[in-house]
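Report on one structure; see the data block that follows.
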Amino acid sequence: MTSQQIKILMVVVALGALAVIVPNTNSFVILLSTRALAFAILVMSLDILLGYTGLASLGQAAYLGVGAYATAILATTYQFGLGMDFWLVILFGMLVGAALAAVFGLLAIRATGVYFLMITLALGQCVWGLAYRWNSLTGGDNGINLRVKPKFAGLDLGHDVTFFYVVFFLFALSLLAMYVLVQSPFGRSLAGIRERELRMQILGYNTWLHKYIAFIIAGGFGGLSGVLWAHTAGIVSPENVVLTTSVDALLMAVLGGAGTLVGGVIGSFIVFGLREYLSTLVPWWQYVLGAVYVLTILYLPFGLMGIPERIRQWRASSGKQADPKTLASVPS
Amino acid sequence: MTQATPQNGAPPVLELKGLSKSFGGLHAVRDVSLQIFAGDRKAIIGPNGAGKTTLFNLITGIFPSTSGQVLLYGEDVTTWPSHKRTALGMARTFQITSLFPKLTVFDNVLLAIEGLRPSKFVMWRFMSSYRDVYDKAHQLLKQASFLDRKDTEVRYLSHGEQRQLEIILGLASDPKILLLDEPAAGLSSGESSEMAKFLLGLDPNLAILLIEHDMDVVFDVADEISVLHFGQMLETGTPEQIHGSQKVQEIYLGTG
């Protein structure tokens, strides 16, 4: 087996374990896991931009936001999406997220580096401003309560375990789709753009278009995350769209390891877990979270997923044998 | 200048007409005209700051030109973005190595091959399922005897190997014209002559325009040499003519 196949097997085993263990715990853990999985879709979509394309977006909450608000408004105002049409809402949420990204992308994709960060931040805050101010549509600061969860074909999403499995299923599908994406010719082209955009242009790639498409796809998955989030949390408010949510997503991706997809999932579980447990224990829990971030960036620039590689390097340098990579670089 | 006359009246692969570029008050390239036909081996030499790399950046569309025209196969591409010019058969290498440092040698070549294929937009199939692309990358690396290092990340390659990979990437799109920006930059004299040998072994129908400081490489490879000085074409001729030229001696050694 190649190392790639071993990694895939490990992820499949971990996901299988999650699907078996979580439903047998208490409802607090089930709810927490459901939230972490729903949010992890957003973190993975951000990782497509951050880790694979090299675009650090600080406005990703906007796509979660439009997906969540679309779900809440459809459910409360039009009673739509509470039966079998839940799946239509999923599709609609993704389309809304992608459409917003298609508009924002026109403005943001021309910029790179810190300018891209600033533009996405500003655009994200525009969505927050709308959510906060457009009282008649969004309920303003109070947000929108979703009292009823979808029921269809004998499935009641109001039931914790059932809902966990639905979210888990959609999460697993998203992970699979994004994994195929990053391994596809298109996904590899994103890595090339991250490494050296000018060279990609000279090789015949319209790099703007590739980044734009990646941005739209990330927006679509952000919208999906939002639909699930709305039903998980039961309330959609401007807090879901605010800068802090975007920063959370970014930090989760970095904590787990950017450019790995599953790193973002680990980051999401750790942050949600720490937050829920620590906040019941100590009032200064935010400092713990801050310390975790700072230590990760200082000592694990490749995140938690970078630890095995770190250990390998440490072993190679402490054992007397030379690193095979240095050997390979000796000119022949 | 025997090569400069087209057989059967085919248009030149690349033609520059009065190409100029100014950065504010600095005239980096002034009124450069040039014709390159299939199979030509031309070189541009000139002291540092003569505008050689700027000229390449104009030809490949990295900078917009201030005035003048760039034609590929008779088509005016002056305002085209780089990737569209590449699609017409242009390829280049960079003076400052521009590879994908954290990707393997093999992945670098795969990206270079995919650049002109419509499958570069496919996102529902693994890259590894494209056998033809893999076979071609394999073959390109084999020709350059690079296969043993195909899984090495490019940042771990020696400088000489990176220079060679630059050219392999340039050739991966099957170009009709290859622009080489100082392929021998930073190479030892042994490595330079290896490089010259490698260039001489390329497809004879490929047009090559070469910028180079290493005169041994230039005199080995080029049939015709142009001298660029302060952005202007000063002189064009065979290697022997350029070698004996009074003006060229002055530029390189100073007028005293």
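Heads up: the protein sequence lines correspond to chains C and P, in order. In short: position in the first sequence from 1, add 55, done, that's the numbering used here. In short: position in the second sequence from 1, add 411, done, that's the numbering used here. From the three backbone atoms N, C-alpha and C, an ideal C-beta is built for every residue, glycine too. Quick caveat: nothing in here was measured; it's all calculated off a predicted structure.
Where the beta strand (DSSP E) through residue i begins and ends
| i | result |
| --- | --- |
| valine 77 of chain C | Segment: none, valine 77 of chain C is in no beta strand (DSSP E) and carries neither H nor E. |
| leucine 591 of chain P | 588-592 |
| glycine 648 of chain P | 643-648 |
| leucine 620 of chain P | 618-622 |
| serine 673 of chain P | Outside the displayed span of chain P (412 to 667) sits residue 673 of chain P, for which this structure offers no information. |
| methionine 501 of chain P | 501-503 |
| leucine 446 of chain P | With the sequence shown as reference, residue 446 of chain P is identified as glutamine, and leucine is not the correct amino acid for it. Per DSSP, glutamine 446 of chain P belongs to the beta strand (DSSP E) from 437-447. |
| glycine 479 of chain P | 478-483 |
| lysine 453 of chain P | 452-456 |
First through last residue of the alpha helix (DSSP H) which encompasses residue i
| i | result |
| --- | --- |
| threonine 335 of chain C | 317-336 |
| phenylalanine 434 of chain P | From DSSP, phenylalanine 434 of chain P is part of no alpha helix (DSSP H) but of the beta strand (DSSP E) over 425-434. |
| alanine 186 of chain C | 168-188 |
| leucine 137 of chain C | No alpha helix (DSSP H) holds leucine 137 of chain C; DSSP gives it neither H nor E. |
| leucine 258 of chain C | No alpha helix (DSSP H) holds leucine 258 of chain C; DSSP gives it neither H nor E. |
| arginine 367 of chain C | 362-373 |
| lysine 608 of chain P | 600-611 |
| threonine 497 of chain P | 493-498 |
| histidine 220 of chain C | Per the sequence shown, the amino acid found at residue 220 of chain C is tyrosine instead of histidine. 215-238 is the extent of the alpha helix (DSSP H) around tyrosine 220 of chain C. |
| leucine 466 of chain P | 463-470 |
| phenylalanine 557 of chain P | Here phenylalanine 557 of chain P belongs to no alpha helix (DSSP H), and DSSP marks it neither H nor E. |
Inter-residue spacing [alpha-carbon to alpha-carbon] between residue i and residue j
| i | j | result |
| --- | --- | --- |
| phenylalanine 219 of chain C | leucine 283 of chain C | 10 Å |
| glutamate 646 of chain P | isoleucine 271 of chain C | 52 Å |
| alanine 166 of chain C | leucine 359 of chain C | 29 Å |
| arginine 528 of chain P | asparagine 190 of chain C | 50 Å |
| isoleucine 662 of chain P | valine 638 of chain P | 10 Å |
| leucine 510 of chain P | glycine 460 of chain P | 24 Å |
| histidine 640 of chain P | aspartate 592 of chain P | 17 Å |
| asparagine 252 of chain C | threonine 262 of chain C | The displayed chain sequence assigns glutamate, not asparagine, to residue 252 of chain C. Roughly 7 Å between the two C-alpha positions. |
| lysine 266 of chain C | glutamate 294 of chain C | 28 Å |
| alanine 449 of chain P | leucine 617 of chain P | 6 Å |
| alanine 180 of chain C | isoleucine 61 of chain C | Reading off the sequence, residue 180 of chain C comes out as glutamine, not alanine. Rounded to whole angstroms, glutamine 180 of chain C to isoleucine 61 of chain C spans 42 Å at the Cα level. |
| arginine 370 of chain C | tyrosine 234 of chain C | 30 Å |
| aspartate 543 of chain P | leucine 521 of chain P | 11 Å |
| threonine 89 of chain C | alanine 548 of chain P | 44 Å |
| glycine 259 of chain C | isoleucine 653 of chain P | 35 Å |
| threonine 477 of chain P | leucine 236 of chain C | 41 Å |
| threonine 315 of chain C | glycine 106 of chain C | 7 Å |
| isoleucine 362 of chain C | glutamine 368 of chain C | 10 Å |
| lysine 453 of chain P | isoleucine 447 of chain P | 8 Å |
| methionine 65 of chain C | phenylalanine 609 of chain P | 45 Å |
| proline 356 of chain C | glycine 138 of chain C | 45 Å |
| isoleucine 199 of chain C | leucine 185 of chain C | 14 Å |
| arginine 159 of chain C | valine 533 of chain P | Note that residue 159 of chain C is phenylalanine in the sequence shown, not arginine. Roughly 23 Å between the two C-alpha positions. |
Where residue i falls, given that 16 or more other Cβ within 10 Å makes a residue buried
| i | result |
| --- | --- |
| tyrosine 332 of chain C | exposed |
| arginine 503 of chain P | buried |
| tyrosine 541 of chain P | buried |
| leucine 32 of chain C | What is shown of chain C runs 56 to 387, which leaves residue 32 of chain C out entirely. |
| phenylalanine 83 of chain C | exposed |
| valine 443 of chain P | buried |
| threonine 287 of chain C | buried |
| phenylalanine 434 of chain P | exposed |
| arginine 441 of chain P | buried |
| alanine 421 of chain P | exposed |
Integer-rounded CB distance, given that residue j should sit under 8 Å from residue i
| i | j | result |
| --- | --- | --- |
| isoleucine 588 of chain P | methionine 501 of chain P | 6 Å |
| glycine 274 of chain C | alanine 156 of chain C | 2 Å |
| threonine 464 of chain P | isoleucine 622 of chain P | 7 Å |
| proline 650 of chain P | isoleucine 636 of chain P | 6 Å |
| asparagine 519 of chain P | leucine 613 of chain P | Incorrect: roughly 19 Å between the Cβ atoms, too far for contact. |
| glycine 136 of chain C | alanine 130 of chain C | 5 Å |
- request: Check whether the region 94-104 of chain C touches the region 113-124 of chain C, taking contact to mean three or more Cβ pairs, one atom from each stretch, closer than 8 Å.
  value: By the Cβ test, the region 94-104 of chain C is in contact with the region 113-124 of chain C, since at least three Cβ pairs between them sit closer than 8 Å.
message: Contact between the region 347-359 of chain C and the region 299-312 of chain C is defined here as three or more beta-carbon pairs at a separation below 8 Å; is this criterion met?
response: Taking a cut-off of 8 Å for Cβ pairs, the region 347-359 of chain C and the region 299-312 of chain C touch, as three or more such pairs fall below it.
field: Contact the region 512-521 of chain P vs the region 206-224 of chain C: 3+ CB pairs below 8 Å
entry: Output reads no: the region 206-224 of chain C does not touch the region 512-521 of chain P.
message: Closer than 8 Å is the cut-off here; do at least three beta carbon pairs connect the region 474-489 of chain P with the region 427-441 of chain P?
response: The region 474-489 of chain P, when compared against the region 427-441 of chain P, does touch it at the 8 Å Cβ threshold.
task: Would you check if the region 191-208 of chain C and the region 297-305 of chain C touch, i.e. whether three or more CB-CB distances between them fall below 8 Å?
output: Touching, no.
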